[in-house]
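As numbered in numbering that gives the first Met the number 0, residues 0 to 804 make up the sequence shown, in order.
Notes follow once the structure below has been shown.
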Amino acid sequence: MTARRREEALQDIPIAVTALSAEFLREQNITELQDLGTHVPAMRISDNGISSNAPIVTLRGQRPSEVLLTLDPAVPMYFAEVVLTPTFGTNLALYDLANVQVLKGPQGTLFGRNSTGGALLFTPRTPGAEFGGYLQARMGNYDLLHVEGAVDIPVGDSLALRLAGRSIDRDGYQSNVADNPLACDDCLGDEDSRAVRLTVEYSPTGALTNLTTMSYDENNAAARINVLQAWISSTTDPQANFIPFTINLLHNGGLSELLPMPGIPTEAAVDAAVARQQQRDWQDVETDINPQERIKNWFFANTTEWEFSENFTLKNIFGYRELDMAYSQDADGVALPLFGAVTSTTQTYTPDPPLQQVESEQYSNELQLLSSAFDDRLEWMVGAYWMRMEGSDYQPSMLVGANSQWPEGDAPIAAVQPLYNIAHDGFLFLNPNIDVVNEAWAVFGEGTFQFNDQWSVTAGARQSWDYRELTTRAFRYDPEVTRELICDVQGEDNQVLPNDACSRTVDEDYSDPTWRLSVSYTPSLDHLVYGSISTGYRAGGFNGRGANNFSLRPYDPETVTTYELGFKGDWQLGALGSLRTNIAAYLQEYQDIQKTQDFTADGAFGTAVVNAAKAEIQGAELEFTWAPGELLQLSLAYAWVDPSYDEWILETAVGTDDNGDAIIEYTDNSGAPFVYIPEQQVTGELRLIAPLDPALGTLSFVASFYWQDEMIPNDEAERWPEFGWSAEDLAEVQATAVIDDYALWNLRLDWSDLLGSGLDVGAYINNVADEAYVVGGKSVPEQLGFVDVTYGTPRVYGMVLRYNF
């Protein structure tokens with residue numbers, strides 16, 4: 000394991016770590032990041048409700064509000080020791096890995112900024128000393144064809160290469176059953192991905208090693224559709240609920256009820272679409288667009304290690320990543336042009352909507368000096384780190400789509416002419432439309448001193464500096480005068496900027512020290528007791544959707560202090576075999592929590608990121624592995640997480656004063672729950688090996704299990720009765736206030752090295768019961784009027800052929 004940036008045994012380190020081996024990843028068919036979420040206690044992986052390639056990693060109750068270029072994750076991902084930022088496009092390339100390590104709790108000393116919840120480490124396989132490799136094909140339902148392989152190519156005594164690649168083609172998990180030309184079967188949420196990786200290891204001397212990793216990944220898919228569960232059709236305040244209020248007028252028959260006028264649609268089309276969806280399975284949806292996701296990732300890492308004396312090693316890690324991501328998503332989840340993607344103004348469906356685009360380029364370098372002293376009783380490391388990411392986020396969207404069924408011409412009543420204009424043109428919104436610069440520097444050090452065979456202490460500290468810069472160029476449709484896009488950015492004087500100078504740049508510097516102290520007691524070689532105090536820091540920044548003084552206010556860093564007690568033990572039980580027990584209990588003091596808050600002020604929808612809260616998170620994790628013999632192994636893990644807010648003042652902009660400054664309404668929301676955090680999770684695995692003659696190969700059976708408690712998707716649900724919705728709407732949305740618990744079973748049968756041929760044959764079935772389970776979504780009835788959810792992978796099954804050479 001490399002949890003402390005040096006090779007160590009898992010049971011010897013005073014950190015809670017879950018390690019997944021290459022064999023485990025293969026047996027559980029873990030091919031993308033989201034697959035990990037059901038195998039690690041206290042961790043969940045969901046999406047942001049917009050794209051499956053913008054994952055949100057939750058660990059020990061810490062979960063960012065959303066995925067933006069300007070909002071850092073609480074659990075960073077490292078590939079080949081290089082951090083991947085942003086998290087867009089990281090749901091790819093889990094192939095040919097040596098292991099995956101999940102480090103729990105703040106990693107602020109050695110992994111630095113934005114690791115308040117922990118860190119995910121992905122370690123690719125390195126070249127072997129002899130020629131060899133594997134070729135694998137996996138075939139299954141949904142017309143899956145997954146081909147993967149790798150080969151080691153030694154070139155002399157000092158140079159070796161490993162070339163690996165993967166290709167996946169699969170039909171979608173959803174069908175479009177809408178009555179339009181885009182209707183299709185098993186077409187949504189498909190996969191068409193390609194990946195290649197070259198690793199080169201050069202060791203000219205025994206003291207010098209250089210490892211280079213280069214990779215390219217791409218995916219071209221039809222995006223999944225979120226399933227709409229509730230719609231608020233009884234909104235009555237256009238100032239507080241502009242989007243749902245206007246949609247109800249133009250697409251749900253609302254205007255015809257208020258002011259009957261010739262030719263305008265009278266059908267409650269949105270209510271009818273929601274009712275149809277509520278009667279269907281989640282795999283049958285309606286959409287009026289062709290949703291797309293196109294992702295390209297380029298990655299380069301170079302690690303050089305030089306042991307320039309007996310006790311000193313110098314290590315340098317250089318990293319580069321480039322991301323191009325373009326996508327469109329039917330955010331409303333119905334075959335009506337309500338909001339989200341830019342839809343047609345002349346017909347009821349849009350085959351090729353303009354794509355939203357995220358681009359970024361990242362450079363990083365880390366220099367480490369490692370050494371030991373006092374007859375190896377002290378092991379220490381010091382280092383320096385630098386990273387720079389430049390990115391852009393361009394998201395054209397419709398706040399309210401056009402209604403192609405609307406009668407042509409002007410409104411018969413001048414007061415409703417803006418509504419007619421929106422019905423004809425749609426309310427186009429260009430925000431975010433930003434350029435971002437994130438730059439970080441740090442110096443750090445950590446050492447472990449071994450007092451004797453039983454006692455040791457580890458201490459470390461890090462000083463981090465961050466620079467954040469944001470340039471925004473937001474535009475919106477003007478329904479009242481020009482019927483064109485106008486600047487939506489305000490200057491510091493609260494005046495809207497002219498269209499030809501619609502740009503505002505803000506920047507801010509941040510710094511924070513983080514540290515870690517742990518004491519370890521080893522009463523025997525097989526047992527470790529530890530206690531630790533560690534701190535973490537998540538950098539401040541700016542709201543990527545900001546366009547005025549209120550929404551562009553810089554938010555401060557988020558910090559956490561964690562107190563943890565743990566035990567790791569291996570037990571020999573005689574005739575009962577062996578038992579491994581890992582136990583950890585923790586308390587986190589969570590300060591200045593960064594929250595994204597929606598608001599509608601003076602009829603304009605917006606968001607703001609604020610340091611809204613402080614909280615305590617307590618929890619415990621238990622992991623047991625029992626091997627009664629060589630042929631049977633049982634594993635069980637349990638996680639309990641109990642987060643609660645000590646303080647949370649909800650800030651909502653409700654209008655502007657005479658000077659143009661935001662009027663803020665403050666609400667005590669300290670009794671709110673943490674969203675998408677199950678209180679309990681359980682994972683289990685049974686592995687059974689048949690007693691065959693070794694010449695026949697190895698026949699193994701694996702059954703795995705995952706269960707999680709219910710979740711809360713909205714932290715304002717207790718306030719819903721205050722919003723004046725109809726009893727029917729309130730009941731509909733309250734039915735979504737709790738996401739049910741669920742359980743998943745996976746089965747796999749493998750015959751490895753069949754008859755000594757080097758051929759492995761396997762069959763698998765994941766989600767045996769075809770459980771429909773929710774992994775994410777958007778619950779925003781207060782401002783946007785709807786609740787939708789994202790479902791996890793349905794039952795999949797297939798067979799695997801693998802040839803090792």
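Glycine included, each C-beta is placed from N, C-alpha and C at the ideal position.
Given the structure is predicted, the values throughout are model-derived calculations rather than measurements.
In the DSSP assignment, Arg43 falls within the beta strand (DSSP E) that extends over Met42 to Asp46.
C-alpha of Tyr562 to C-alpha of Lys103: approximately 12 Å in a straight line.
In the DSSP assignment, no residue is bridged to Met260. Inside the stretch 455 to 481, DSSP marks whole beta strand (DSSP E) runs of 3 or more residues at positions 474 to 476, from first to last along the chain.
Of Tyr741, Asp168 and Ala41, the smallest CA-CA separation from Glu147 is found for Asp168. With fewer than 16 other beta carbons inside 10 angstroms of its own, Gln494 counts as exposed. Using a Cβ-Cβ distance cut-off of 8 Å, the stretch 131 to 140 and the stretch 178 to 188 are not in contact, since fewer than three pairs of beta carbons, one from each stretch, lie closer than that value.
The beta-carbon separation of Pro642 and Ala614, rounded to 6 Å, stays under the 8 Å limit for a contact.
Here the alpha carbon of Leu527 sits roughly 20 Å from the alpha carbon of Leu586. Judged by their CB atoms, Arg579 and Gly568 are nearer to each other than the 9 Å cut-off. Of all C-beta pairs linking the stretch 420 to 436 to the stretch 384 to 400, three or more are shorter than 8 Å, placing the two stretches in contact. DSSP places Trp281 outside both helix and strand once states are collapsed to three, so it counts as coil. Ranking Ala401, Leu630 and Gly446 by CA distance to the CA of Asp424 puts Ala401 first.
For Gln782, no beta strand (DSSP E) encloses it, and the DSSP letter there is neither H nor E.
Distance between Tyr741 and Tyr772, taken at the CA atoms: about 6 Å. In terms of Cβ geometry, Pro40 and Ala702 do not form a close pair [threshold 9 Å]. Annotation for Ala73: no alpha helix (DSSP H) segment contains it, and DSSP assigns it neither H nor E. Under DSSP, Asn364 forms a beta bridge with Phe317 and Trp385.
Excluding the 5 residues flanking it on each side, Ser202 has same chain C-beta neighbours closer than 6 Å at Ser157 and Thr208, in chain order. For Arg25, the uninterrupted alpha helix (DSSP H) run begins and ends at Ala21 to Glu26, by DSSP.
Going by beta carbons, Arg124 and Asp95 fall inside the 9 Å limit.
The stretch 505 to 513 makes no contact with the stretch 397 to 417; the number of CB pairs closer than 8 Å stays below 3. The residue among Val732, Leu746, Thr198 and Trp719 with its C-alpha nearest the C-alpha of Leu687 is Leu746. The stretch 772 to 785 and the stretch 751 to 758 do not touch, with fewer than 3 CB-CB distances between them shorter than 8 Å.
Asp692 counts as exposed, since fewer than 16 other C-beta atoms from the protein chains shown sit within 10 angstroms of its C-beta.
Between Trp297 and Trp385 a beta carbon distance of about 20 Å is seen, past the 8 Å cut, so the two are scored as non-contacting. Around the CB of Asn247, 16 or more other CB atoms lie within 10 Å, so the residue is classed as buried. Ser363 is positioned such that its CB atom lies closer than 9 Å to that of Val82.
Separation of Leu337 and Leu313 (C-alpha to C-alpha, rounded to the nearest whole angstrom) is 58 Å. For Val154, the uninterrupted beta strand (DSSP E) segment begins and ends at Leu143 to Val154. DSSP places Asn430 within a strand segment (E or B) once states are collapsed to three. Shortest Cα-Cα distance from Leu377 to any of Glu80, Thr108, Glu445 and Asp331 involves Glu445. In this structure, Pro712 keeps its C-beta atom at 9 Å or more from the C-beta atom of Val653.
Boundaries cannot be given for Thr234, as no beta strand (DSSP E) includes it and DSSP labels it neither H nor E. By the Cβ-count criterion, Gly88 is buried, with 16 or more other Cβ atoms from all chains shown falling within 10 Å of its own Cβ. Gly155 counts as exposed, since fewer than 16 other C-beta atoms from the protein chains shown sit within 10 angstroms of its C-beta.
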